[in-house]
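Engineer: Protein chains in written order, with the working numbering: chain A, 1 to 503; chain B, 504 to 616; chain C, 617 to 713; chain D, 714 to 1024.
1. Within this structure, are the beta carbons of residue 531/B and residue 585/B separated by less than 9 Å?
2. Can you give me the Cβ contacts of residue 8/A inside the same chain, cut-off strictly under 7 Å, excluding the 5 residues immediately before and after it?
3. For residue 287/A, name the three-state secondary structure that DSSP assigns.
4. Pull up the distance between the alpha-carbon of residue 444/A and that of residue 304/A, whole angstroms please.
5. According to the neighbour-count rule (16 or more other Cβ atoms, all chains shown, within 10 Å of its Cβ), is residue 881/D buried or exposed?
6. Give the DSSP bridge partners of residue 77/A, in chain order.
7. Between the Cα of residue 206/A and the Cα atoms of 825/D, 877/D and 967/D, which residue gives the shortest distance?
8. With a cut-off of 9 Å, does the C-beta of residue 717/D fall near any C-beta of chain C?
9. Could you tell me if residue 483/A is buried or exposed, where buried requires 16 or more neighbouring beta carbons within 10 angstroms of its beta carbon?
10. With DSSP as the reference, label residue 621/C as helix, strand or coil.
11. Tell me the DSSP secondary structure of residue 602/B in three-state form.
12. Report the residues of the segment 922 to 945 of chain D with a CB closer than 7 Å to any CB of chain A, ordered along the chain.
13. Roughly how many angstroms lie between the CA atoms of residue 793/D and residue 727/D, to the nearest whole one?
14. Where does residue 825/D fall in DSSP's three states?
15. Using DSSP with H/G/I as helix, E/B as strand and the rest coil, what is residue 161/A?
16. Does the pairing of the segment 339 to 351 of chain A with the segment 448 to 466 of chain A give three or more beta-carbon distances under 8 Å?
17. So what does residue 886/D bridge to, in DSSP terms?
18. Our contact map puts residue 372/A next to residue 362/A with C-beta atoms below 8 Å; I'd like the distance itself, whole angstroms only.
19. Could you tell me the alpha carbon to alpha carbon distance between residue 815/D and residue 149/A, rounded to whole angstroms?
20. Would you report the Cα separation of residue 785/D and residue 740/D, rounded to the nearest angstrom?
21. Measure from the C-beta of residue 696/C to each C-beta in chain D and report whether the shortest distance is under 9 Å.
22. Identify the contact partners of residue 338/A in chain D, using a Cβ-Cβ distance below 7 Å as the criterion.
23. Taking the C-alpha atoms as reference points, what is the distance between residue 10/A and residue 672/C?
24. Any chance you could list the alpha helix (DSSP H) runs of at least 4 consecutive residues sitting entirely within the segment 396 to 439 of chain A, in chain order?
25. For a quick check, are the C-beta atoms of residue 87/A and residue 258/A less than 9 Å apart?
26. Taking a contact to mean a Cβ-Cβ separation below 9 Å, would you say residue 172/A touches residue 239/A in this structure?
27. By the criterion of Cβ-Cβ separation under 7 Å, what are the contact partners of residue 579/B in chain D?
28. What do you get for residue 139/A, buried or exposed, if any count of 16 or more other CB atoms within 10 angstroms of its CB means buried?
29. Taking Cβ-Cβ distances below 8 Å as the criterion, which residues of the segment 826 to 839 of chain D are in contact with chain A?
30. For residue 300/A, which residues in the same chain have their Cβ closer than 6 Å to its Cβ, ignoring the five residues on either side in sequence?
31. With a floor of 4 residues, list each alpha helix (DSSP H) that falls wholly inside the segment 89 to 149 of chain A, ordered by position along the chain.
32. What's the C-alpha gap between residue 110/A and residue 889/D?
33. Who are residue 304/A's beta bridge partners in DSSP?
34. Report back the beta-carbon spacing between residue 326/A and residue 340/A to the nearest angstrom; my notes put them in contact at under 8 Å.
35. Based on DSSP bridge pairs, tell me the residues matched to residue 199/A.
36. Rounded to whole angstroms, what is the Cα-Cα separation between residue 69/A and residue 178/A?
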């Protein structure tokens, strides 16, 4: 049975409702108030996120809340285990950083209300609420609604500048997301038909290795992969993420694509713990490996900085899926006590910070130069030293060099590969790191080189914005001091009777 | 075979038909139409599940029925946004279709979408 | 008594269904838009009217009967509107100029 | 059973026609018929609430959207000029789709007997919600959080549609302008039908607590009346930055959230209702939610701002 509601569970409701309340107030008041509301919600939301982390950490148990006091299967539960809490905190920190960064770009002019700022600030909050909904949702249909919220908040951000290319990119993104939703919903219908509930905890107790369960989980996984842009579903990502305004790109690449990945983790390790076979998990690993190689090689060939970073996202998403072949049915212990499981989660978090910092740095560079052609970057290192340094630091994390969160994550994936005797994944991680080194170096070499003619900046970039980018990049670096072992915090609230083989 | 099973098979065929339309039609409008067709099939599957769960004096399990109502509204919202994007895109000069899969930097061939 | 009522209902509904069928055949077979509209409106008005009439015999109480009649009236209104609009789209200036 | 088999064949036939039709407009008309037939299927599956929703939103409003888009896309550019898919692709697609259909069909046949159901707990707790319609009880009580988030989904979709306006037209009027023709049939229609339609919409919403109907179905009819008045040119769509319009749009979700939060104090949980006031509180939520949804649906059909106010 799903147990009982915990004290502090109301924090979960606030984490979802507060950002959406902000959306409502922003729309009602309009004009400059949208930005003001966002700036008020940001610290409050961060405080809620911290409170959730503290509550999970102090009790050593997952938070649970039954909305309307209706227990599952009739009602909908919100749950936050260690994994949810970490993701909630990551989102809160990153959204505050992106919000501070975006102030200069999306300030509302005095007088009439302007389109882009109103849309950006309201949708920033909407993305936040939807992400929190995904991270704490305990019911697969409620999670579907949260995923749709995320899509509707993310798609307009892609086409915020209204150019034809970005409109096309937004439309394609939406079509892929629709495909994902339909597959997910089909799986949910089958699960309800077979087991009479969509609550994750109840399902995990009722589900068996039956064709219906397999088909449902496969359909949902494929749908989520389309939304997460895992190779070969990556086609929509580069134009969408590269075409959006820099703060929106940071939001999309850093956080939005992590939500479907998070749900794949939920499906595989919470809904059907112990059920997946190693052979099936190898498929996800192969797709991840293909994404790493393909994304990195294509990134190397890009002429524009933002596209390069977007293709790097395609590659870095691949790493996330290497955790599945390594954590499913490990030689000993639970999936979540393996190094690879923790490594995968850590990769999601450190990539969030690193990629957000990189997109914001690229945005500042493009603003200063008036373009983002890599060939024309010469001399920018002297003009914007802090920005270029932040770019380099985030690059460390993408390459997997110490000290950085990316290093710890990839080292743990390597450890997992060795421990499980699946050395081929280790090879992929190493080659991916080399290729990432290639494309980061490509940019840095240009940026630090001497310009042929004196550099003329088309716009001044404020020091404050550069500092924000630096702070976000430093978060990715600080994660490098996480211990190189399975995290205790991430294991809070994991089911401990999950392995079918051990039951 | 009872009516619920019959409509269950019907929903399976609807999903296949919609999928076919999704793959072979290059125009975005027809793709959106195909999505709605598949959606109809998936919702119908929920309806079949609901009908099979008839009990307690109800002709069907009310929970999946309510889920379908929520799903229909969400599907309408997606269609509205997709069509608005499409209309706006088609009013841009020189853009009639989604850019082909191999636009410039993209070395890959096209998938179904 | 109820037997007579049932028989009348069946008769009316069948007649209504026949008009719908005839209207549909007309819609498919007639050569141009205006004659197709002509066929369609017959089906709408008469067919629906007869079916509603047949069902009226089966209702108990005023409220369901009122509902059925309003269904027929609204159907008539919608049919008339659409016919007008389509006819105008076919002949924007009217038939005589 | 014979009727069901015939209906299923008809649904499949219309669906197939929608897919293979060459003309996009014809395909859209096929889709509307498909939606109406599905509504009949929902009646056969003992789901009258869903039938109403399918007919109103799934077929009606979606159909209006698709018709509008298909004419506007065709007017500006011939989209059907795309190349024909190769025969090999067609065959591969057919193979894939047959396999998918077959797999789902097998899974349908494999669903367990007796089917798991939540009908019993829904019925057992119905009294605590004060409602007579179990589907409304699921939407407004047991899974009210889904419904709340769904209203926000509509709001975000509307914001997304509005965001497609060019910068200079922000604060402008959505959609095309329709000239009023005082002797036109649409004007006559709007004047005659709109009051009736509003009554029907309110009726459908009102009976939703005990009988098939509810806020989404009622709101769709109200939205249709709104669309009819703008189509006839009698009343123009309001500018997107009108304060009253913004308040109308957020009123529903805002009251929903407010009463949800009040649930903390009144009944000890978010979106919980004290038993003695449950029916009243649900009604207080539903009235503004219905109005907000009606406005959102109508504005989603109207599209992004396309005309500036000063003209």
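Beta carbons are placed, not taken as given, at the ideal position from N, Cα and C, and that holds for glycine.
Structural biologist: Walking through what the data contain:
1. Taking the second chain and counting its residues from 1, one reaches residue 531/B at position 28. Taking the second chain and counting its residues from 1, one reaches residue 585/B at position 82. Going by C-beta atoms, residue 531/B is nearer than 9 Å to residue 585/B.
2. Translated into positions along the first chain, residue 8/A becomes position 8. If we look at residue 8/A and ignore the five residues flanking it on each side, its Cβ neighbours are 55 and 63.
3. Looking up residue 287/A in the first chain gives position 287. Helix at residue 287/A.
4. On the first chain, position 444 is the one that residue 444/A refers to. On the first chain, position 304 is the one that residue 304/A refers to. Cα to Cα, the separation comes out at about 14 Å.
5. By 1-based counting over the fourth chain, the position of residue 881/D is 168. Exposed, because fewer than 16 other Cβ atoms sit within 10 Å of the Cβ of residue 881/D.
6. Against the first chain, residue 77/A aligns to sequence position 77. DSSP, once it has assigned bridges, lists 66/A as partnering residue 77/A.
7. Along the first chain, read from residue 1 onward, the residue named residue 206/A stands at position 206. Ranking 825/D, 877/D and 967/D by Cα distance to residue 206/A puts 825/D first.
8. Locating residue 717/D in the fourth chain gives position 4, where the first residue counts as 1. Closer than 9 Å: no.
9. Sequence index remark: in the first chain, residue 483/A carries index 483 (1-based). Residue 483/A is exposed by the Cβ-count criterion.
10. On the third chain, residue 621/C is found 5 positions in, with the first residue counted as 1. The answer is helix: DSSP assigns residue 621/C an H, G or I state.
11. Here residue 602/B refers to the residue found at position 99 when the second chain is read from its first residue. In this predicted model, residue 602/B has a pLDDT of only 45, less than 50, meaning its place in the structure is not dependable; the value taken from the coordinates is given anyway. Correct three-state label for residue 602/B: coil.
12. none
13. Within the fourth chain, the letter at position 80 stands for residue 793/D. Within the fourth chain, the letter at position 14 stands for residue 727/D. Confidence is the limiting factor: at residue 793/D the pLDDT is only 46, short of 50, which leaves the residue's position unreliable and the question unanswerable from this model.
14. Residue mapping note: residue 825/D aligns to position 112 of the fourth chain, counting from 1. Looking at residue 825/D - three-state DSSP - the assignment turns out to be coil, as it is neither helix nor strand.
15. For the purposes of this step, residue 161/A is taken as residue 161 along the first chain, with counting starting at 1. Coil at residue 161/A, not helix or strand.
16. In short, these stretches do not touch, since the Cβ pair count stays below three.
17. The residue labelled residue 886/D in the question sits at position 173 within the fourth chain. Looking at the DSSP assignment, residue 886/D forms a beta bridge with 1020/D.
18. By one-based count along the first chain, residue 372/A stands at place 372. By one-based count along the first chain, residue 362/A stands at place 362. About 6 Å; that satisfies the 8 Å criterion.
19. In the fourth chain, residue 815/D corresponds to position 102, counting from 1. In the first chain, residue 149/A corresponds to position 149, counting from 1. Going from the Cα of residue 815/D to the Cα of residue 149/A covers about 32 Å.
20. For this step, residue 785/D is matched to residue 72 along the fourth chain. For this step, residue 740/D is matched to residue 27 along the fourth chain. The alpha-carbon atoms of residue 785/D and residue 740/D are separated by roughly 15 Å.
21. By one-based count along the third chain, residue 696/C stands at place 80. Interface residue, yes.
22. The count along the first chain starts at 1 and reaches residue 338/A at position 338. Correct list: empty, because the minimum Cβ distance to chain D is about 32 Å.
23. As a working note, residue 10/A is residue 10 in the first chain. As a working note, residue 672/C is residue 56 in the third chain. If I take the Cα positions, the gap works out to 55 Å.
24. 405 to 419
25. Walking along the first chain from the start, residue 87/A turns up at place 87. Walking along the first chain from the start, residue 258/A turns up at place 258. A contact, by the Cβ cut-off of 9 Å.
26. Translated into positions along the first chain, residue 172/A becomes position 172. Translated into positions along the first chain, residue 239/A becomes position 239. Yes.
27. Stepping through the second chain from its first residue, residue 579/B is reached at position 76. Near residue 579/B (Cβ distances below 7 Å), the residues of chain D are 770, 774 and 775.
28. Residue 139/A sits at position 139 when you count from the first residue of the first chain. With 16 or more other Cβ atoms within 10 Å, it is buried.
29. 828, 829, 830, 831, 834, 835 and 838
30. Against the first chain, residue 300/A aligns to sequence position 300. Result list for residue 300/A: 438 and 439, in chain order.
31. Here the runs fully enclosed are 115 to 136.
32. The count along the first chain starts at 1 and reaches residue 110/A at position 110. The count along the fourth chain starts at 1 and reaches residue 889/D at position 176. Using only the alpha carbons, I get a separation of about 29 Å.
33. The residue you call residue 304/A lines up with position 304 of the first chain. Partner(s): 373/A.
34. Working through the first chain from its first residue, we reach residue 326/A at position 326. Working through the first chain from its first residue, we reach residue 340/A at position 340. With a Cβ gap of about 3 Å, residue 326/A and residue 340/A count as contacting.
35. The residue given as residue 199/A occupies position 199 in the first chain. Note: residue 199/A sits in a beta bridge opposite 139/A.
36. Position 69 of the first chain, counted from the first residue, corresponds to residue 69/A. Position 178 of the first chain, counted from the first residue, corresponds to residue 178/A. Rounded to the nearest angstrom, the two C-alpha atoms are 32 Å apart.
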